[in-house]
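Undergrad: Just so you know, the sequences run in chain order A and B.
Mapping the first sequence onto this note's numbering, position 48 (from 1) lands on 48, and the numbers just tick up by one.
Adding 1000 to a residue's 1-based position in the second sequence gives its number in this note's numbering.
Glycine included, every Cβ here is placed at the ideal spot set by N, Cα and C.
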Amino acid sequence: MNCDDIAWILDERRIAALSPFEKADLDAHLALCPDCAAQCRASESLASFRTGAPPLPEALVERAIEINRLRSAAVLERRARRPVIVGSLLLLGVAASMLAPIPWSDSGTAKH
Amino acid sequence: MLRPQAKPDESWLTSEVEQIFRVAYRLTGNAHDAEDLVQDVCERALRKAPELASPDDYRRWLLRVLYNRFVDGARHRRRSPLVGGDVDEVLDRQTSPDGESLAEQSDAESALERAWGKLEADQQVLLLLRAEGHDLGEISRILDIDRPALSCRLHRARASLARNLEQERSAQPLRVVAEKRR
Chain A
1 MNCDDIAWIL
11 DERRIAALSP
21 FEKADLDAHL
31 ALCPDCAAQC
41 RASESLASFR
51 TGAPPLPEAL
61 VERAIEINRL
71 RSAAVLERRA
81 RRPVIVGSLL
91 LLGVAASMLA
101 PIPWSDSGTA
111 KH
Chain B
1001 MLRPQAKPDE
1011 SWLTSEVEQI
1021 FRVAYRLTGN
1031 AHDAEDLVQD
1041 VCERALRKAP
1051 ELASPDDYRR
1061 WLLRVLYNRF
1071 VDGARHRRRS
1081 PLVGGDVDEV
1091 LDRQTSPDGE
1101 SLAEQSDAES
1111 ALERAWGKLE
1121 ADQQVLLLLR
1131 AEGHDLGEIS
1141 RILDIDRPAL
1151 SCRLHRARAS
1161 LARNLEQERS
1171 AQPLRVVAEK
1181 RR
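1. Taking only three categories from DSSP, how would you classify residue 1006 (chain B)?
2. Excluding the 5 residues preceding and the 5 following residue 1111 (chain B) in the sequence, name in chain order all residues of the same chain whose CB lies nearer than 8 Å to its CB.
3. Just to confirm, is the Cβ distance from residue 1070 (chain B) to residue 1046 (chain B) under 8 Å?
4. When you compare the CB positions of residue 1039 (chain B) and residue 60 (chain A), do they come within less than 8 Å of one another, or not?
5. Quick one: which residues of the region 1149-1163 of chain B get their C-beta closer than 7 Å to a C-beta of chain A? List them in chain order.
6. Between the region 1130-1141 of chain B and chain E, which residues of the former have CB atoms less than 8 Å from a CB of the latter, in chain order?
7. Just to make sure I have the definition right: I need the residues of chain A whose C-beta is within less than 8 Å of the C-beta of residue 1046 (chain B). Which are they?
8. Measure the C-alpha to C-alpha separation of residue 1067 (chain B) and residue 96 (chain A) and round it to an integer number of angstroms.
9. What residue does the alpha helix (DSSP H) around residue 1066 (chain B) start on, and which one ends it?
10. In chain order, what residues of the same chain lie with their CB nearer than 7 Å to the CB of residue 1108 (chain B), ignoring the 5 residues before and after it?
11. Would you kindly work out how many angstroms separate the C-alpha atoms of residue 1136 (chain B) and residue 8 (chain A), rounded to a whole number?
12. If contact means a Cβ-Cβ distance below 7 Å, which residues of the region 20-40 of chain A contact chain B?
13. Where does residue 60 (chain A) fall in DSSP's three states?
14. Inspect the beta-carbon positions of residue 1126 (chain B) and residue 1153 (chain B) and report whether they are closer than 8 Å.
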């Protein structure tokens, strides 16, 4: 076994699942290669790392659903309001143009 | 069981959320951050989940969103020191499931936590996926990274963890003496 074989095992398999023959081969390499030995130790230490998760908080999905529902409702409300706002602005523009004097109407066409 | 072309409904999400929470807890190291992360993922899943062919695809998609959100959050904290704090401060906030502080954990666990805390977030993700039992092909599908690049990154992550662990183990006696003097 060489360093590439060890890297392959660490990528694809579990050391605990190796056959006795493979395990003996692995141990022989690790005894001579401190880098591989350190990587194997690091990988094995992660097997039980933070495995005891606390119970799932209650109603986590329900809360997400509720937040999503409120967000969708807010988006729909904004969309529903948009035509009213645009219409109001247009009306305001028309009204303003009717009330305001047209600056170029008195002067007529330019005299040459 | 296949659910062809069905968007994930609420019951589907409920059945997946326990596993996602467990993985989120392993990533973040505390229940509050894990809860925030999973809630964020659930909201995204309800809003944006694409149409996928099978429950396995949905699980992969959820895991990818979870890992991306975790890495984004870690990068954001790194850019804004006020949010994150230094490594020791963050590590001291972390507690084991039964509520004991890091200081009360065994030396080996504490060294592993500190070594883990020094890794980049994307390295943590790769190593955790591997520790969860996914092989290279599966990790490649979850993260959408090609196998040669993934193998290289995984090797670097493992080497970094091994190096950090050695440093922490050699620094442990010095830390104990310093704590006793306080």
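TA: By the coordinates alone:
1. Summary for residue 1006 (chain B): the model assigns pLDDT 44, below 50, so the residue's position carries little reliability; its value from the coordinates is reported in the next sentence. DSSP places residue 1006 (chain B) in strand when its eight states are reduced to three.
2. 1165, 1168, 1169 and 1172
3. no
4. yes
5. 1151, 1154, 1155, 1158, 1159, 1161 and 1162
6. Given the protein chain composition of this structure (A and B), no chain E is represented.
7. 64, 65 and 68
8. 55 Å
9. 1055-1079
10. none
11. 9 Å
12. 38 and 39
13. helix
14. yes
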